[in-house]
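Peer 1: Protein chains in written order, with my numbering: chain S, 1 to 238; chain D, 239 to 464. Think of the CB as a built atom: it goes at the ideal place given N, C-alpha and C, for glycine as much as any other residue.
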Amino acid sequence: MHAPSGRPAHAPAGTAEVVLALLRKELLVELRTLESVPGMSLFAVTIFVVFHFALNQNAVSGQEAAGILWVSLLLAAMLAINRLFVADADQGGFDGFLLAPVDRSALLVAKAIALLAYLVVLELVAVPAFGLLLLEPPLGQALPGLLAPLALADVGLAAIGTLVAALAVRTRARDLLGPLLALPLLIPVVIGAARASAPLLALAHPSSGSPRWLLIVGLYDLVFGLIAYAVFDFLLED
Amino acid sequence: MRLPGLRTLSVTTAFAFSVSLTLVFFYAPIEAEEGFVQKIFYLHVPLAIVSLSGFVLGGLLAIAHLRTGESKWDLRSYVAIHMSLIFGLGVLATGSIWARASWGHWWVWDEPTLVSFLIVFLLYATYQPLRFAIEDPERQARYASVFAIVAGAFVPLNFIAVRLSASYVHPRVLGSTSNLPGSMAFTFLVSLAAMALLYATLCSYELAAKRTRILLKARSRILGFQ
Chain S
1 MHAPSGRPAH APAGTAEVVL ALLRKELLVE LRTLESVPGM SLFAVTIFVV
51 FHFALNQNAV SGQEAAGILW VSLLLAAMLA INRLFVADAD QGGFDGFLLA
101 PVDRSALLVA KAIALLAYLV VLELVAVPAF GLLLLEPPLG QALPGLLAPL
151 ALADVGLAAI GTLVAALAVR TRARDLLGPL LALPLLIPVV IGAARASAPL
201 LALAHPSSGS PRWLLIVGLY DLVFGLIAYA VFDFLLED
Chain D
239 MRLPGLRTLS VTTAFAFSVS LTLVFFYAPI EAEEGFVQKI FYLHVPLAIV
289 SLSGFVLGGL LAIAHLRTGE SKWDLRSYVA IHMSLIFGLG VLATGSIWAR
339 ASWGHWWVWD EPTLVSFLIV FLLYATYQPL RFAIEDPERQ ARYASVFAIV
389 AGAFVPLNFI AVRLSASYVH PRVLGSTSNL PGSMAFTFLV SLAAMALLYA
439 TLCSYELAAK RTRILLKARS RILGFQ
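1) Please list the partners that Ser403(D) has in chain S, where partner means a Cβ-to-Cβ separation under 7 Å.
2) Taking the continuous alpha helix (DSSP H) assigned at Asn56(S), which residues delimit it?
3) Which word fits Leu327(D), buried or exposed, when buried means at least 16 other C-beta atoms lie within 10 angstroms of its C-beta?
4) Give me the Cα-Cα distance between Gly273(D) and Phe264(D), rounded to the nearest whole angstrom.
5) So, with DSSP's three-state summary, where would you put Ala106(S)?
6) Enumerate in chain order the residues of its own chain whose CB-to-CB distance from Ala337(D) is below 8 Å, with the five nearest sequence positions on each side excluded.
7) For the candidate residues Pro149(S), Leu163(S), Leu157(S), whose alpha-carbon lies nearest to that of Ala66(S)?
8) Identify, in the order they occur along the chain, each residue of the same chain with its Cβ nearer than 8 Å to the Cβ of Tyr362(D), setting aside the five sequence neighbours on each side.
9) For Pro137(S), does the count of other Cβ atoms within 10 angstroms reach 16, so buried, or fall short, so exposed?
10) Can you tell me whether Leu445(D) is helix, strand or coil according to DSSP?
11) Ordered along the chain, which non-local residues of its own chain (more than five positions away) have a Cβ less than 7 Å from that of Tyr406(D)?
12) Taking all protein chains shown into account, do 16 or more other C-beta atoms lie within 10 angstroms of the C-beta of Gly156(S), making it buried, or fewer, making it exposed?
13) Quick one: what's got a C-beta closer than 7 Å to Ala386(D)'s C-beta in the same chain, skipping five residues either side?
14) With 8 Å as the threshold, decide whether the Cβ of Ala66(S) is near any Cβ in chain D.
15) According to DSSP, simplified to helix, strand and coil, what is Leu163(S)?
16) State the beta-bridge partners of Glu465(D) as determined by DSSP.
17) With 8 Å as the threshold, decide whether the Cβ of Tyr220(S) is near any Cβ in chain D.
18) By DSSP, does Leu31(S) sit in helix, in strand, or in coil?
19) What number of angstroms, rounded off, separates the C-alpha of Arg451(D) from the C-alpha of Ser309(D)?
20) Any residues in the stretch 169 to 191 of chain S with a beta carbon nearer than 7 Å to a beta carbon of chain D? Which ones, in chain order?
21) For the stretch 344 to 371 of chain D, enumerate the residues whose C-beta is nearer than 7 Å to any C-beta of chain C, in chain order.
22) For Ile227(S), go through chain D and note every residue whose CB falls closer than 9 Å to its CB, in chain order.
23) Excluding five sequence neighbours on each side, which residues of the same chain lie with their C-beta closer than 7 Å to the C-beta of Ala166(S)?
24) State the beta-bridge partners of Leu135(S) as determined by DSSP.
25) Count Cβ pairs between the stretch 207 to 222 of chain S and the stretch 362 to 378 of chain D that sit closer than 8 Å; are there 3 or more?
26) Could you tell me the alpha carbon to alpha carbon distance between Ala211(S) and Ala431(D), rounded to whole angstroms?
27) Does the distance from the C-beta atom of Val60(S) to that of Leu134(S) stay below 8 Å?
28) Are three or more beta carbon pairs between the stretch 109 to 127 of chain S and the stretch 62 to 79 of chain S nearer than 8 Å?
29) Helix, strand or coil for Asp374(D)? Go by DSSP, reduced to three states.
30) Hey, Met422(D) and Ala266(D) are a contact pair by Cβ (cut 8 Å); roughly how many whole angstroms apart?
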């Protein structure tokens, strides 16, 4: 993520230290409550089963496979995005954080890294499960090529997801607004990731596809990372 | 906005619209391939351009709100986005009619401009639910501004991404006057100006109404009505 490099004059603790402390707390809470990650993984696997019955197909390949994989990952990610700030909003985490004399963007960076970690764990479960349950070509040959789209899409999901979660969490209808805000904003990520992974999952002559799609996702990640960093402070100001 | 300004704007808009409609129906030539149906171009494309510009304008006004903290900028940003949403409904309706008339389907996925517009419209359709799900007025304004900035930046990015993803099955230049014959380009520019004036007029009316309501509320509070 875009960790700020300079140490703000008013902050006694360095931003990197604050980010690390917040990240540690975030991961510790997740380890102790197991609120997000197991649910996300289970959800993704269930979605694969639903796709099997809804499409009435035993195995998929190519663009269809890429579509199923990305829709499942996107919906599973929504679960984590919806929960990301709930404990902070309901149990006074925001108030505690605002009382500390630290850079507020540290919270954005820490939450985004935590979300990124959840997504990586989700994919460690969901991608092999997809290979096992639905994918027709062997997963082993597609996997090295899949790493780049997965990594780039995760960064985009983490940046946009954190921003949207912060926007939605203090509204009355946060469970509804989170996905409504996040899905349109994530369409460019889905376009890039699905197009980049479709040729890898093709049954005949799998190829690595055009790097153009990865470039699109990468640029989109960068721009939205910067936008999230620029506007995040205003969501905490009270 | 004081009332004389509103009157001038309204008269100018009515005049501009009558000129543009006259040009559309009596001056611009009938297009060779699509025939009379192509006239919807002079309504659809200006609607789309004005609506998208309004969304981006809403984002710029929201930046002004976050920088100054004055609620008048938030009000302007709200009105700009609200009016753009209404114009956006017009864009989707006229786009659908045009698609039906030229390609036989109410919706075509391989027209990147229309698809990106739908995505942008779906995002902005969340603006009011988000805004009115927050009770504290100060926080409501701040969160709405953050949304408006993020979404305003999303508008051009989304158009680039969708355009790159689309196959060019229907090569056609929308909104560019470079390959139009002179009389069509002129009519189009006049229609665009009339549509922009309509947007400005309707925004001014909504702003005036909102300000009057705020003023009335403040006065009745002073007088002890509740």
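Peer 2: The structure says:
1) On the second sequence, position 165 is the one that residue 403(D) refers to. Simply Ile191, Arg195.
2) Here the question's residue 56(S) lines up with position 56 in the first sequence. Looking at the DSSP string, Asn56(S) is not in any alpha helix (DSSP H), and its letter there is neither H nor E.
3) The count along the second sequence starts at 1 and reaches residue 327(D) at position 89. Result: exposed.
4) The sequence position of residue 273(D) within the second sequence is 35, counting from 1. The sequence position of residue 264(D) within the second sequence is 26, counting from 1. Cα to Cα, Gly273(D) sits roughly 14 Å from Phe264(D).
5) As a first step, residue 106(S) must be located in the first sequence, where it is residue number 106. DSSP places Ala106(S) in helix when its eight states are reduced to three.
6) Locating residue 337(D) in the second sequence gives position 99, where the first residue counts as 1. Cβ within range, chain order: His343, Trp344, Trp345, Val346, Glu349, Leu352.
7) Taking the first sequence and counting its residues from 1, one reaches residue 66(S) at position 66. Closest option to Ala66(S), Cα to Cα, is Pro149(S).
8) Position 124 of the second sequence, counting from 1, holds the residue named residue 362(D). Counting only Cβ-Cβ distances below 8 Å, and skipping sequence neighbours, we find Phe293, Ile319, Ser322, Leu323, Gly326, Ala389.
9) By one-based count along the first sequence, residue 137(S) stands at place 137. Classification of Pro137(S): buried, given that the 10 Å Cβ count is 16 or more.
10) As a working note, residue 445(D) is residue 207 in the second sequence. Residue state, collapsed to three classes: helix.
11) As a position in the second sequence, residue 406(D) is number 168, starting the count at 1. Bear in mind that a pLDDT of 47 at Tyr406(D), under 50, signals an unreliable position, so the number given afterwards is only what the model happens to contain. Excluding positions up to five away in sequence, the list is empty.
12) Here residue 156(S) is taken as the residue at index 156 of the first sequence, counted from 1. So Gly156(S) ends up on the buried side.
13) Taking the first residue of the second sequence as 1, we reach residue 386(D) at position 148. So the list reads Gly296, Gly297, Ala300, Ser315, Ile319, once near-sequence residues are dropped.
14) Translated into positions along the first sequence, residue 66(S) becomes position 66. Chain D contact via Cβ: absent.
15) The residue given as residue 163(S) occupies position 163 in the first sequence. Judged by DSSP in its simplified three-state form, Leu163(S) adopts helix.
16) Outside the shown range of chain D, which is 239 to 464, sits residue 465(D), and nothing can be said about it.
17) Your numbering for residue 220(S) matches position 220 in the first sequence. So yes, Tyr220(S) belongs to the interface.
18) For the purposes of this step, residue 31(S) is identified with residue 31 of the first sequence, where counting begins at 1. Note: Leu31(S) maps to helix in three-state DSSP.
19) Against the second sequence, residue 451(D) aligns to sequence position 213. Against the second sequence, residue 309(D) aligns to sequence position 71. Ser309(D) has its alpha-carbon roughly 15 Å from the corresponding atom of Arg451(D).
20) Arg170, Thr171, Arg172, Ala173, Leu177, Leu180, Leu181, Pro184, Leu185, Ile187, Pro188, Ile191
21) Looking at the structure shown, chain C is missing, and the protein chains on hand are S and D.
22) Here residue 227(S) refers to the residue found at position 227 of the first sequence. Ile387, Val388, Ala391, Phe392, listed in chain order.
23) Along the first sequence, read from residue 1 onward, the residue named residue 166(S) stands at position 166. The answer, listed in chain order, is Phe85, Phe232, Leu235.
24) Here residue 135(S) is taken as the residue at index 135 of the first sequence, counted from 1. According to DSSP, which records beta bridges pairwise, Leu135(S) is partnered with Val60(S).
25) no
26) As a first step, residue 211(S) is located in the first sequence; it is residue number 211 there, counting from the start. As a first step, residue 431(D) is located in the second sequence; it is residue number 193 there, counting from the start. According to the sequence provided, residue 211(S) is Pro. The question's Ala does not apply to it. When rounded, the distance between both Cα atoms is 41 Å.
27) For the purposes of this step, residue 60(S) is taken as residue 60 along the first sequence, with counting starting at 1. For the purposes of this step, residue 134(S) is taken as residue 134 along the first sequence, with counting starting at 1. Result yes, Cβ atoms of Val60(S) and Leu134(S) sit closer than 8 Å.
28) Short answer: they touch.
29) Position 136 of the second sequence, counted from the start, is the residue given in the question as residue 374(D). Of the three classes helix, strand and coil, the one that applies to Asp374(D) here is coil, per DSSP.
30) Counting from one through the second sequence, the residue named residue 422(D) turns up at place 184. Counting from one through the second sequence, the residue named residue 266(D) turns up at place 28. The pair is a contact, with the Cβ atoms about 5 Å apart (cut-off 8 Å).
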